[in-house]
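Residue numbers (the UniProt record's numbering): 1 to 240. Working notes for the structure below.
Structure follows, in structure tokens:
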């Protein structure tokens, strides 16, 4: 196993031979949690003479750099970096110049937008409150309608119960009327039967009614009662 190259100590910095140092890009694996697993972005070793020893400007030793580097690519990369830095400076300067002229307009525009947003908020709040009031009134109306429907249902139920009771009473009256009609027919039959057996009384009852009882007088029928009343009225008119 080849041992890593040894470099001069800090005491002999002035006598350091830079030709023996690495020239290529840095291969150090970063240990920062956000960049863990990535390599250092240094593309070429540049000796930092402000620090003792042989240390690159990226902060890593030459042992983490490749031994050789393509000088042309390194120079091109540095030139591209310089060009990008110049463009960034120009853009920042132009933004600074434009920001000074646009600041009042931007501020006024922001104020107008804030006023518009506040007005829209107030309009929306008023619409929401109006909708809430309308919804509350509608719910109150629905509650009143429900109570009215409930009362109507109770009234209809009471009417149904009363009609049922009235129907039962009518049925009872019809049954009683039928019973009275049956009894009237039976009474008429009995009267007819008694009228038929009236002439069959014994001669003794006819001769001495005090001893053997008064002879049977047939029960007056409605027609007989009518004739009797008529004859009585005629007799009274004649005697007077």
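Heads up, the beta-carbon is just placed ideally off N, CA and C, and yes, glycines get one too. Bear in mind the structure is a predicted one, so any value in this text is a computation, not a measurement.
In this structure, residue 38 lies away from residue 66, with their beta-carbon atoms at least 7 Å apart. Taking a cut-off of 8 Å on C-beta distances, the region 49-64 touches the region 18-34, as three or more cross pairs fall below it. Residue 164 and residue 171 have their C-alpha atoms some 11 Å from each other. A straight-line Cα-Cα distance of about 27 Å links residue 174 and residue 192. Within the region 29-91, no run of beta strand (DSSP E) at least 3 residues long lies entirely inside it. Pairing residue 92 with residue 23 gives a Cβ-Cβ distance that is not under 7 Å.
Residue 48 and residue 97 have their C-alpha atoms some 37 Å from each other. One Cα belongs to residue 131, the other to residue 142, and the distance between them is close to 16 Å.
Between residue 45 and residue 62 a beta carbon distance of about 6 Å is seen, short of the 8 Å cut, so the two are scored as contacting.
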